[in-house]
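Each remark here refers to the structure printed beneath this line.
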Amino acid sequence: MTESVSEEKTVATITATPSTEKIAERNTIVYETRIEPNVIEAIGEKIKTLLFTRFGFMKPKPEEIQLISIDKYYEPYMTISGKYTIDYYRKCTYTVKVDNRVQEVILANQKYKPNQQTDTPTKDHNIIKIQGEERITTEAKASLILDKYGQEINPKDLPSAPPEPNPKEILTAYRVKEIAADIDLNIIQHKILERPKDINRLNNELFEINERAIIYTPRYRALYTNLKTGEIKAIEFDGITAQRIQRPHLHP
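Following this line, the structure appears as structure tokens:
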């Protein structure tokens, strides 16, 4: 019977740079706007009183709620896909049981002298310990969609549309703020790049990003005021589907 025990040896942390990196350039995509402002205005007219309803039943009259403005902006999202692979050797000790009459074992021209196992002494066998190495290959993959805060979102929350032919012109016209260049890389790296603690020798290591893009999707923000109280509230709509955005988003 043979038992093996690996010997842990810490050689790196998650923040260490992998030996090889292949990082794809980040593409910039701006989705086409499929919904016109007049459609947003019509939808808003139907639900504007709900913004100022109190206690579930104190609803203002429609004529008391006035539209102030409808502004279009672009909400950024990051998509990134990558993998981390590592091929390495770790130290290992193999424990082999031998007949208690054996005085010496020769393996690959190496001599081993049997000893009695101290933790579970028996009379029928002794053991020899063989030092060796084991080669291990591991791989981790991830495909993420992140909002501008670096939070992972469900792909269903990002409607798709054809891309605009001149994305940079649109982003300049709407004064869209740029997202930090490496925020997506840092997030996926912390998710998949985790070196084993038992590395003895490194054979190969690769951190690869094969798909990377920042997607700007159109949004509308409609402002309404209660003429009676002076209160102002906003509704946000998706510029591709016209669906109301329920989760709060800060205006860029």
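To convert, take the position in the sequence shown, counting from 1, and add 1094; that gives the numbering used here. Cβ coordinates follow ideal geometry from the N, Cα and C atoms, glycine included. Fair warning: this is a prediction, and the values are worked out from it, not measured in the lab.
Notebook entry, point to check: Taking just the CA atoms, how far does Arg1289 sit from Asn1260?
Noted result: For the purposes of this step, residue 1260 is identified with residue 166 of the sequence shown, where counting begins at 1. For the purposes of this step, residue 1289 is identified with residue 195 of the sequence shown, where counting begins at 1. Looking at the backbone, the Cα of Asn1260 and that of Arg1289 are separated by about 41 Å.
Next item on the list: Run the CB neighbour count on Pro1156, radius 10 Å, all protein chains shown included, and call it buried at 16 or more, exposed below.
Entry: Here residue 1156 is taken as the residue at index 62 of the sequence shown, counted from 1. Its Cβ having fewer than 16 others within 10 Å, Pro1156 is exposed.
Next item on the list: Please determine, among Ile1281, Asp1278, Ala1307, Thr1232, the residue with the shortest C-alpha to C-alpha distance to Tyr1183.
Entry: As a working mapping, residue 1183 is identified with position 89 in the sequence shown. Of the candidates Ile1281, Asp1278, Ala1307, Thr1232, the residue whose Cα lies closest to the Cα of Tyr1183 is Thr1232.
Margin query: Please identify the residue among Glu1158, Leu1265, Tyr1314, Leu1238 whose C-alpha is closest to the C-alpha of Thr1305.
Written below: In the sequence shown, counting from the first residue as 1, residue 1305 sits at position 211. Note on identity: in this sequence residue 1305 is Glu, with Thr being the wrong assignment. Out of Glu1158, Leu1265, Tyr1314, Leu1238, Leu1238 has the C-alpha closest to the C-alpha of Glu1305.
Note to self: Let me confirm a value: Phe1149 is counted as buried when at least 16 other C-beta atoms fall within 10 Å, else exposed. Which label applies?
What the structure shows: Indexing the sequence shown from 1 puts residue 1149 at position 55. Exposure of Phe1149 is indicated by the presence of fewer than 16 other C-beta atoms within 10 angstroms of its C-beta.
Next item on the list: List the DSSP bridge partners of Tyr1268.
Entry: On the sequence shown, position 174 is the one that residue 1268 refers to. Partner(s): none; Tyr1268 has no beta bridge.
Next item on the list: Assign Ile1293 to one of three DSSP states: helix, strand, or coil.
Entry: Here residue 1293 refers to the residue found at position 199 when the sequence shown is read from its first residue. In the displayed model, Ile1293 falls within coil according to three-state DSSP, outside both helix and strand.
Note to self: Quick check: the Cα distance between Ile1222 and Asp1241, rounded to an integer number of angstroms?
What the structure shows: Within the sequence shown, the letter at position 128 stands for residue 1222. Within the sequence shown, the letter at position 147 stands for residue 1241. If you take the alpha carbons of Ile1222 and Asp1241, they lie about 57 Å apart.
Check: Rounded to a whole number of angstroms, what is the C-alpha to C-alpha distance between Ile1329 and Gln1340?
Finding: Position 235 of the sequence shown, counting from 1, holds the residue named residue 1329. Position 246 of the sequence shown, counting from 1, holds the residue named residue 1340. If you take the alpha carbons of Ile1329 and Gln1340, they lie about 9 Å apart.
Next item on the list: Kindly identify the DSSP beta-bridge partner or partners of Gln1225.
Entry: Against the sequence shown, residue 1225 aligns to sequence position 131. Gln1225 pairs with Thr1187.
Next item on the list: To the nearest angstrom, report how far apart Ile1273 and Asn1297 are at their CA atoms.
Entry: On the sequence shown, position 179 is the one that residue 1273 refers to. On the sequence shown, position 203 is the one that residue 1297 refers to. Those two C-alpha atoms are separated by around 36 Å.
Item checked: Stretch pair the stretch 1154-1169 + the stretch 1179-1193: three plus CB contacts closer than 8 Å -> With contact defined as three or more Cβ pairs closer than 8 Å, the stretch 1154-1169 and the stretch 1179-1193 are not in contact.
Next item on the list: Return helix, strand or coil for Ala1136, following the three-state DSSP convention.
Entry: In the sequence shown, counting from the first residue as 1, residue 1136 sits at position 42. Three-state result, Ala1136: helix.
Notebook entry, point to check: DSSP three-state call for Gln1283: helix, strand or coil?
Noted result: Residue numbering aside, residue 1283 sits at position 189 when the sequence shown is read from its first letter. Residue state for Gln1283 is assigned as helix, using DSSP reduced to three classes.
Note to self: Only counting the same chain, and skipping five residues up and downstream in sequence, which positions put a Cβ closer than 8 Å to that of Arg1313?
What the structure shows: By one-based count along the sequence shown, residue 1313 stands at place 219. Correct list, in chain order: Lys1166, Tyr1167, Tyr1168, Glu1169, Glu1330, Phe1331, Asp1332, Gly1333, Ile1339, His1343.
Notebook entry, point to check: Which one or two residues does DSSP pair with Gln1337 in a beta bridge?
Noted result: Here residue 1337 refers to the residue found at position 243 when the sequence shown is read from its first residue. Paired residues: none, contrary to the question.
Next item on the list: Evaluate contact between the stretch 1267-1287 and the stretch 1126-1141, counting only Cβ atoms and requiring at least three cross-stretch pairs below 8 Å.
Entry: Taking 8 Å as the limit for Cβ pairs, the verdict is that the stretch 1126-1141 does not touch the stretch 1267-1287.
Notebook entry, point to check: What is the rounded straight-line gap between the Cα of Tyr1178 and the Cα of Asp1292?
Noted result: Position 84 of the sequence shown, counted from the start, is the residue given in the question as residue 1178. Position 198 of the sequence shown, counted from the start, is the residue given in the question as residue 1292. Taking the straight line joining both Cα atoms gives about 17 Å.
Margin query: If distances are taken between C-alpha atoms only, which option among Tyr1188, Ile1308, Glu1130, Asp1193 comes closest to Pro1257?
Written below: If you number the sequence shown from 1, residue 1257 lands on position 163. Checked all of Tyr1188, Ile1308, Glu1130, Asp1193; the closest Cα to Pro1257 is Ile1308.
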